[in-house]
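Heads up: the structure comes next, in structure tokens.
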Amino acid sequence: MFGTRLLGRNSQEKRARDGQKGAPVSAHFDDVYFSVDDGLAESEYVFLDGNRLPRGWQGRDYFTIAETGFGTGLNFLVAWKRFEETATPDQKLHFISIEKFPLDVEEIELHLQPWKEVFEGYLNKLLKVYPFVTPGFHRVMINKRVMLTLVFDDVNAAMPQISGDVDAWFLDGFKPSTNPDMWSDEVFKNVARLSKPGTRLSTFTAAGGVRRGLSDVGFTVEKTKGYGRKRDMTIGVFKPEEITGENG
Ligand SMILES: C[S@@+](CC[C@H](N)C(=O)[O-])C[C@H]1O[C@@H](n2cnc3c(N)ncnc32)[C@H](O)[C@@H]1O
């Protein structure tokens, strides 16, 4: 029943796996999982720099990142690696990611081949602990200070079930024109519910509807230079006391 909604390896969603320099493509959403030029550099630029990380977790005992769209796990690996490189031993990271169409371990390994050396140790660990592709919450202790919660479900169904405070959002759910479900009012409402003053977000898209939706729920959003050939992207900070429209 439920499982048929989660499209994994044998899904109807056809992916051009080795097209475009190895960057996976979703034919269904007519979009790429990450930049065909350099997915790693894009992830660092859009999601780490866009959220002012690692500065954001400096001096914090616990730091929580939440992501819409786990995909290949590239963003998770980028954040986890940077955390290990910059955080002090007593700091802890919780990374939550929601994914409706989980890839399986073979697909993840294949798509992340270009960065096998960069993520040496990290990628193997992820592949080893990656949960069975069954619906629901999967919590994985990556090591003593990094925890990964994978929620295999539609973002609109998953978000209301999540509680806690998120410090940084990676909004990465394919472009809004082909995947409006990822950018619904319900999603924006829950992003705000899980945020606290000062929570940051970033996303590759600068679509007006996304900026307005985020602004309406209390984020001060800013259009900024996108990665590579992308002209713009969006960053934001939660300032619920200033709900006055875009750019506060
Ligand atoms: C651009 S890709 C994410 C790339 C990913 N962050 C990475 O590091 O590889 C967008 C992801 O959103 C997922 N997705 C699309 N619609 C969704 C929905 N309604 N709910 C949850 N996940 C969804 C897709 O399956 C895909 O994995």
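All letters in the sequence shown, in the order written, are residues 308 to 555 by the numbering used here. Ideal placement from N, C-alpha and C gives every residue a C-beta, glycine not left out.
Can you check whether the CB of residue j is closer than 8 angstroms to the CB of residue i?
i           : j           : result
residue 542 : residue 521 : no
residue 398 : residue 362 : no
residue 379 : residue 403 : no
residue 516 : residue 544 : no
residue 489 : residue 395 : no
residue 540 : residue 357 : yes
residue 409 : residue 459 : yes
residue 527 : residue 546 : yes
When the Cα of residue i is compared with those of the options, which residue comes out closest?
i           : options            : result
residue 383 : 406, 530, 496      : 406
residue 422 : 350, 481, 362, 410 : 350
residue 537 : 385, 510, 408      : 510
residue 524 : 540, 512, 428, 503 : 503
residue 455 : 373, 535, 419      : 373
residue 332 : 388, 418, 401      : 418
residue 499 : 441, 469, 429, 485 : 469
residue 512 : 482, 439, 526      : 482
residue 401 : 485, 391, 410, 549 : 391
residue 442 : 448, 491, 465      : 465
residue 534 : 352, 527, 335, 487 : 352
residue 335 : 447, 486, 385      : 486
residue 448 : 532, 420, 387, 345 : 387
residue 450 : 491, 467, 440, 432 : 432
residue 467 : 474, 475, 492, 479 : 492
residue 476 : 415, 377, 484      : 377
residue 416 : 393, 381, 478      : 381
residue 420 : 484, 345, 393      : 345
Report, in whole angstroms, the separation of the C-beta atoms of residue i and residue j, which I expect to be a contact under 8 angstroms.
i           : j           : result
residue 425 : residue 347 : 7 angstroms
residue 437 : residue 412 : 5 angstroms
residue 530 : residue 519 : Not quite, the Cβ-Cβ distance comes to about 12 angstroms (not below 8 angstroms), so this is no contact.
residue 457 : residue 445 : 5 angstroms
residue 501 : residue 471 : 7 angstroms
Hey, is residue i close to ligand 2, as in C-beta under 7 angstroms from one of its heavy atoms?
i           : result
residue 390 : Among the ligands in the structure shown, ligand 2 does not appear; only ligand 1 can be found there.
Contact between the region 357–367 and the region 334–348 is defined here as three or more beta-carbon pairs at a separation below 8 angstroms; is this criterion met? Under the Cβ criterion (8 angstroms, minimum of three pairs), the region 357–367 does not count as touching the region 334–348.
Kindly provide the ranges of any beta strand (DSSP E) runs that are 3 or more residues long and lie completely inside the region 487–534, ordered along the chain. Whole beta strand (DSSP E) segments, 3+ residues: 502–510, 526–532.
What are the uninterrupted segments assigned as beta strand (DSSP E) that are 3 or more residues long and contained completely in the region 362–416, given in chain order? With a minimum length of 3 residues, the unbroken runs of beta strand (DSSP E) contained wholly in the region 362–416 fall at 369–375, 399–406.
Report the residue ranges of all alpha helix (DSSP H) runs contained in full by the region 456–486; include only those spanning at least 4 residues, in chain order. Listed in chain order, they are 462–465.
At what residue ranges does the region 427–457 contain a whole run of the alpha helix (DSSP H), taking only runs of 4 or more? Note on the region 427–457: whole alpha helix (DSSP H) runs with a minimum of 4 residues are 429–436, in chain order.
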